[in-house]
Every structure is written in structure tokens, then in C-alpha cells.
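**Q**
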Amino acid sequence: MKEFQYQRAGDVRGAVALLSADPEARFLGGGTNLVDLMKTGVERPARLIDIRRLPLDRIEPTGDGGLRLGATVTNSDLAAHPEVRRRYPALAQAVLAGASGQLRNMATVGGNLLQRTRCAYFADLSKPCNKRVPGSGCPAITGEHHNHAILGASAHCVATHPSDMGVALTAFDAIVEYETAEGPGELPLADFYLPVGDSPHRETALPPGALITGVVLPPVAVAAHSRYRKVRERASYAFAIGSIAAALDVRDGIVHDVRLAFGAVASRPWRARAAERLLAGGPADADAFAAAADAELAAARPLADNAYKVTLIRNLVVSELATLAQEGTR
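Sequential numbering of the sequence shown, starting at 277, is according to the working numbering.
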């Protein structure tokens, strides 16, 4: 591991100033992803700026009835919060599905959104990777890719984003708040992650030197009737091979509102807007759910060994929406 300096930030503006003065530095929250990448040499910061003691560890109501999640709120505290569990149950479920208890005690909201891909080629310095070394190639396309992207990929990268939390936040139109040397700003999560295109090393639209300070969940009534389902290759802690955050409001057999987002299928959490548009105002039955899934997955471009994800996601859409529809009629 490369030697590095360590410095604890005293306040948000001070943290941003420290990074502005040292572009080779990195913010340190829980470190559950960053420290792993430092051990393998993928990340080589000259300085770590510890932000864990900044006053960003609270979950608070917003004036319009939503919730604001501080950037250093731990995953454990987020999943256990009564208002999150009551008003955004899919988010609490996603967090609990996302890691072991030990990791949830350390990992933070901001860090979760910024975690890097778990592609084996990205983590192996002996292999080329366009995300790690732009222009070096993407060996996953012809190599090991059974858990790689089927949506939104490119000839330059087929890696997936590993966040479970991000999938639920995407379904509920979350907004990322940040601070820069020029002042505060915000980004809808829908615009936070950049398309892969020909520059997969550029992962987010955050301005240079920005510190995430929080995530705002707007008041979304349908979110109270939501579920998160994660499919993985073993029952214990593992990254998803496919996941879904679903919310459904059915009235007299008709879909009044619906939210869908997929995980482990693209370089970012995937909002299923084509499926949502097809479902809205239509019947809440298995045929409609399957047709909506097919409409969204028509854009899928699976590789040789990951076409199973198309069927997997289709089945998740049908089963989770059917469960929500049945629960809504009780």
C-alpha cells in the first residue's frame, strides 16, 4: 500500500478546502470500499481526509414532508430508523440486503453511492480496464462477465454498479446534496451517475472537489407500499446478480402509481421508466406486469454468459408487483 497522510476535517467547509488544496486526497467515511481498493493498489491517495466527525450523521424531516439523510449516517442507523422503515420500506430492506452487519455499522450513505464496481478486472492491476486506465480495453466483454451489465453498457465497459441502497433511492427520486469550494449544490440521483459511453472512468456528475453532504428523499406516497428483492449466488452476504425496488398503488384493480428500479444490470441503478409508463393507468395483473417488464428489457443487450439476467429481472418484476398488488387489496 502506498504511504499516505491522514487528516481529520473539523467542518464541511474545511473538508472541502483540504481536498481543494490536495487533488490527490480522498474523503474517508467508513472506508469499506476505499480501503479495500487502497490495499489492492487501485486507489492510491496521497492523503485521507476523515469526515466521520462532521455533523452529517442525522436523519431529519424536510419541510415538504420528505426525509434528509446525512452523508455520514451509517447503513445500520438508516435501516433501523422508524420513519425510513415506515415510509420507505424498500430502502430499509435494500440496506439490510446490502452487506454484513459489521460492514453496515461502518458504511455510510455518501460512501455507498460512490462505491466502485466489483468487476474483477477493475480490481486486478495486472489486467487492462477502461474504468481504471482509460483506453486500455475491457477484457470482461470476451472474458468473465456472468454478473455484468445487460442494459446501458458500451464497447468500453460492461461493469455493473454494486449498490443496493442506490437502487431504492433511484426508485424514489432521491436528490444528492453536495458542497464545493464555490458553495452548495444538488443533483437528482437520476443525473448523478454518468452513462458509460466511451469514458467509463468518469462515473458521476459531481463537480471536482465536491463532498456529498446528504441525500433528500422527497415525499412519495407510493413508497410506503414498496419492497426490495435481491437475488444473489449465496444466501449470506454477496453482491446481487439481479435486484429490484418496486412500489405500487392499486385502486379498484388499476395501477394508480408505480415505481421500479433494477440493480446489478447496468453501470448505475436502472430506473425502469418504460415499464412504469406502460403500467400507469392499466390493470394490475400478471399479464400487464410481464408486458411492462418486456418493454423495459427490450433494450437489453446481454453478453454470451449473462442472458439469464433478462429472465431473472422479468420474473422479479412480475413476482414483486404481484405481491404488492395482493397486499394492497387486503
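From the three backbone atoms N, C-alpha and C, an ideal C-beta is built for every residue, glycine too. These figures come from a predicted structure and were not determined experimentally.
So, at 6 Å on beta carbons, what are the nonlocal neighbours of ALA447 in its own chain, with the 5 sequence-adjacent residues on each side left out?
**A** The count along the sequence shown starts at 1 and reaches residue 447 at position 171. The residues are ALA521, ARG535, ALA537.
**Q** Quick one: residues in its chain with C-beta nearer than 7 Å to the C-beta of ARG478, no 5 flanking neighbours on either side, listed in chain order?
**A** Counting from one through the sequence shown, the residue named residue 478 turns up at place 202. LEU470.
**Q** Starting from PRO460, follow its DSSP beta bridges and name the residues at the other end.
**A** On the sequence shown, residue 460 is found 184 positions in, with the first residue counted as 1. Per DSSP, GLU455.
**Q** Name the residue from LYS278, ARG329, ALA542, GLU336 whose alpha carbon lies nearest to the alpha carbon of ARG392.
**A** Walking along the sequence shown from the start, residue 392 turns up at place 116. Nearest of LYS278, ARG329, ALA542, GLU336 to ARG392, Cα basis: ALA542.
**Q** In this structure, does DSSP put LEU528 in helix, strand or coil?
**A** One-based indexing of the sequence shown puts residue 528 at position 252. Here residue 528 is Asp; the residue named in the question, Leu, does not match the sequence. Coil, per DSSP.
**Q** The alpha helix (DSSP H) that contains ILE589, what's its start and end?
**A** By one-based count along the sequence shown, residue 589 stands at place 313. It spans 584-604 - the alpha helix (DSSP H) in which ILE589 sits, taken as one unbroken run.
**Q** Using beta-carbon positions only, say whether HIS432 and ASN582 come within less than 8 Å of one another.
**A** Walking along the sequence shown from the start, residue 432 turns up at place 156. Walking along the sequence shown from the start, residue 582 turns up at place 306. No, they are not a contact pair.
**Q** For VAL288, does the three-state DSSP call read helix, strand or coil?
**A** On the sequence shown, position 12 is the one that residue 288 refers to. Helix, per DSSP.
**Q** Determine whether the Cβ of ILE488 lies closer than 8 Å to any Cβ atom of chain C.
**A** As a matter of chain content, chain C is missing from the structure shown, which is built from one protein chain.
**Q** Considering only the beta carbon of each residue, do ASN388 and SER430 sit closer than 8 Å?
**A** Indexing the sequence shown from 1 puts residue 388 at position 112. Indexing the sequence shown from 1 puts residue 430 at position 154. Going by C-beta atoms, ASN388 is not nearer than 8 Å to SER430.
**Q** Quick one: which unbroken alpha helix (DSSP H) runs of 4-plus residues sit fully inside the stretch 463-501? Chain order, please.
**A** Here the runs fully enclosed are 465-468.
**Q** If you follow the alpha helix (DSSP H) that PRO358 is part of, which residue opens it and which one closes it?
**A** Taking the first residue of the sequence shown as 1, we reach residue 358 at position 82. Start and end: 358-363.
**Q** Expressed to the nearest angstrom, what Euclidean distance is found between the alpha-carbon atoms of ASP326 and ARG544?
**A** Within the sequence shown, numbered from 1, the residue matching residue 326 stands at position 50. Within the sequence shown, numbered from 1, the residue matching residue 544 stands at position 268. Distance between the alpha carbons of ASP326 and ARG544: 26 Å.
**Q** Since GLU336 is in the beta strand (DSSP E), which residue starts that stretch and which ends it?
**A** On the sequence shown, residue 336 is found 60 positions in, with the first residue counted as 1. From DSSP, the beta strand (DSSP E) with GLU336 extends over 335-337.
**Q** Return the residue from the list ASP449, ALA548, LEU554 that minimises the CA-CA distance to ILE530.
**A** Position 254 of the sequence shown, counting from 1, holds the residue named residue 530. When each option's Cα is compared against that of ILE530, the closest is LEU554.
**Q** What residues in its chain sit with their C-beta under 7 Å from that of VAL288, if we drop five residues either side in the sequence?
**A** The residue given as residue 288 occupies position 12 in the sequence shown. Closer than 7 Å at Cβ, skipping near neighbours: LEU330, GLU455, LEU487, THR489.
**Q** Which residues does DSSP pair with ASP533 in a beta bridge?
**A** Position 257 of the sequence shown holds residue 533. Answer is ASP525.
**Q** Among residues of its own chain, excluding the 5 on either side of GLU336, which ones have a beta-carbon nearer than 6 Å to its beta-carbon?
**A** Counting from one through the sequence shown, the residue named residue 336 turns up at place 60. Closer than 6 Å at Cβ, skipping near neighbours: ARG344.
**Q** In whole angstroms, what separates the C-alpha of ARG380 from that of VAL371?
**A** Looking up residue 380 in the sequence shown gives position 104. Looking up residue 371 in the sequence shown gives position 95. Roughly 8 Å between the two C-alpha positions.
**Q** Measuring only the C-alpha atoms, how far is TYR364 from SER502?
**A** Against the sequence shown, residue 364 aligns to sequence position 88. Against the sequence shown, residue 502 aligns to sequence position 226. One C-alpha to the other measures close to 7 Å.
**Q** Opposite TYR513 in the DSSP bridges: which residues?
**A** Translated into positions along the sequence shown, residue 513 becomes position 237. Per DSSP, none; premise fails for TYR513.
**Q** Which residue from ALA457, ARG505, ASP333 puts its Cα closest to that of PRO483?
**A** Position 207 of the sequence shown, counting from 1, holds the residue named residue 483. Closest by alpha carbon: ALA457.
**Q** Along the chain, where does the beta strand (DSSP E) that runs through PHE303 open and close?
**A** Within the sequence shown, residue 303 is the residue found at index 27, counting from 1. Start and end: 301-304.
**Q** Rounded to a whole number of angstroms, what is the C-alpha to C-alpha distance between ARG323 and GLU279?
**A** Your numbering for residue 323 matches position 47 in the sequence shown. Your numbering for residue 279 matches position 3 in the sequence shown. Whole-angstrom Cα-Cα distance: 9 Å.
**Q** Use the C-beta contact count for GLU453: other C-beta atoms within 10 angstroms, 16 or more gives buried, fewer gives exposed.
**A** As a working mapping, residue 453 is identified with position 177 in the sequence shown. Label assigned to GLU453: buried.
**Q** Between THR348 and THR384, which are expected to be in contact by the criterion C-beta below 8 Å, what is the C-beta distance as a whole number of angstroms?
**A** As a position in the sequence shown, residue 348 is number 72, starting the count at 1. As a position in the sequence shown, residue 384 is number 108, starting the count at 1. With 8 Å as the limit, THR348 and THR384 qualify as a contact, their Cβ atoms being about 5 Å apart.
**Q** When the Cα of ASP528 is compared with those of ALA562, GLY557, SER519, which residue comes out closest?
**A** Numbered from its first residue, the sequence shown carries residue 528 at position 252. It is GLY557 whose Cα lies nearest to the Cα of ASP528.
**Q** Quick check: the stretch 508-526 against the stretch 581-596, are at least 3 beta-carbon pairs closer than 8 Å?
**A** Segments in contact, yes.
**Q** If I follow the unbroken beta strand (DSSP E) through LEU555, where does it start and stop?
**A** Translated into the one-based positions of the sequence shown, residue 555 becomes position 279. Note, LEU555: premise wrong, no beta strand (DSSP E); alpha helix (DSSP H) at 549-555.
**Q** Are there 16 or more other CB atoms within 10 angstroms of the CB of ASP340, so buried, or fewer, so exposed?
**A** As a working mapping, residue 340 is identified with position 64 in the sequence shown. Classification of ASP340: exposed, given that the 10 Å Cβ count is below 16.
**Q** Give the DSSP-derived three-state secondary structure of ASP326 in the structure shown.
**A** The sequence position of residue 326 within the sequence shown is 50, counting from 1. If DSSP states are grouped into helix, strand and coil, ASP326 belongs with the strands.
**Q** Within 10 Å of its beta-carbon, does THR587 have 16 or more other beta-carbons around it, so buried, or fewer, so exposed?
**A** For the purposes of this step, residue 587 is identified with residue 311 of the sequence shown, where counting begins at 1. It is exposed - the Cβ of THR587 has fewer than 16 other Cβ atoms within 10 Å.
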